[in-house]
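Numbering (the working numbering), first residue to last: 71 to 173.
Glycine is no exception: its CB is placed at the ideal position from the N, C-alpha and C atoms.
As the structure is a computational prediction, the values presented were derived from the model and not from experiment.
Set out below in structure tokens:
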């Protein structure tokens, strides 16, 4: 299928059309690039490049969103580990009180 694309100064798509556009570049593709801001024009081919895609105004790239989520999950895991250790210490103290001895 043929599409007509426009690109930014770094070669990333900033628009496309299914209809011929005299001011855009004609490219042959297998499917429409749904996440078109993650595609870069290299020569006459489109290359999927989400790692280096520009940030869409008002939003983050998928990679940045995943990095943020990963950092949040790492912090939550550390808190959970601390909670588990505190619970284990509390249980040990309860056993000591109930059994009347030392651990």
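Extent of the continuous beta strand (DSSP E) to which residue i belongs
i           : result
residue 77  : 72–77
residue 113 : First-last for residue 113: undefined, no H or E at that position.
Where residue i sits in the DSSP three-state scheme
i           : result
residue 101 : coil
residue 160 : helix
residue 153 : helix
residue 88  : coil
Residue i: CB within 8 Å of a non-hydrogen atom of the ligand SAH
i           : result
residue 143 : The ligand SAH is not part of this structure, which contains no ligands at all.
Whether residue i touches residue j by CB criterion (9 Å)
i           : j          : result
residue 87  : residue 98 : no
residue 110 : residue 81 : yes
Those residues which DSSP pairs with residue i across a bridge
i           : result
residue 207 : Outside the displayed range of the chain (71 to 173) lies residue 207, so it cannot be described from this structure.
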